[in-house]
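In this note's numbering, the protein residues as written are 39 to 161.
Beta carbons are placed, not taken as given, at the ideal position from N, Cα and C, and that holds for glycine.
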């Protein structure tokens, strides 16, 4: 009997705690302080956004921005025309040939000199 009472007391206290927490959150959410803080944050973010747009516009209109735009446009046209792919392929082939050539030299050197990891020569 007493165990049931303690369990019901515990349940009742947990329900009361849940209701109190719910009321506290609702009160805080609807408070003027929260609304003022939200307004300040929204205004601050809008101000930051405007400042970033202004800087972006200034850069885009300036000589550096125009040069970057021209470079991007030129690169895009080279990619579309296939010129970029041709140049990239040629550079990759050149790099692979060089790597293969150096590897062949190293292999010939090792094969000519004999295995270097055979251990010390017997005396």
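Residue 63 and residue 45 have their C-alpha atoms some 27 Å from each other. Its chain contains 98 as the residues whose beta carbon lies nearer than 8 Å to that of residue 107, once the 5 sequence neighbours on both sides are disregarded; these appear in chain order. The three-state secondary structure of residue 68, taken from DSSP, is coil. Note on geometry: alpha-carbon atoms of residue 71 and residue 77 lie some 10 Å from one another. Taking the CA atoms as reference points, residue 142 sits about 49 Å from residue 101. The alpha-carbon separation between residue 126 and residue 90 amounts to approximately 36 Å. Sequence-distant Cβ neighbours of residue 48 in its own chain, meaning closer than 8 Å and more than five residues away, do not exist here. Inter-residue distance for residue 52 and residue 82 is about 40 Å (C-alpha atoms, whole angstroms).
Counted as a single uninterrupted DSSP element, the stretch harbouring residue 120 is not any alpha helix (DSSP H), since DSSP gives it neither H nor E. If you draw a straight line from the Cα of residue 105 to the Cα of residue 111, it is about 10 Å long.
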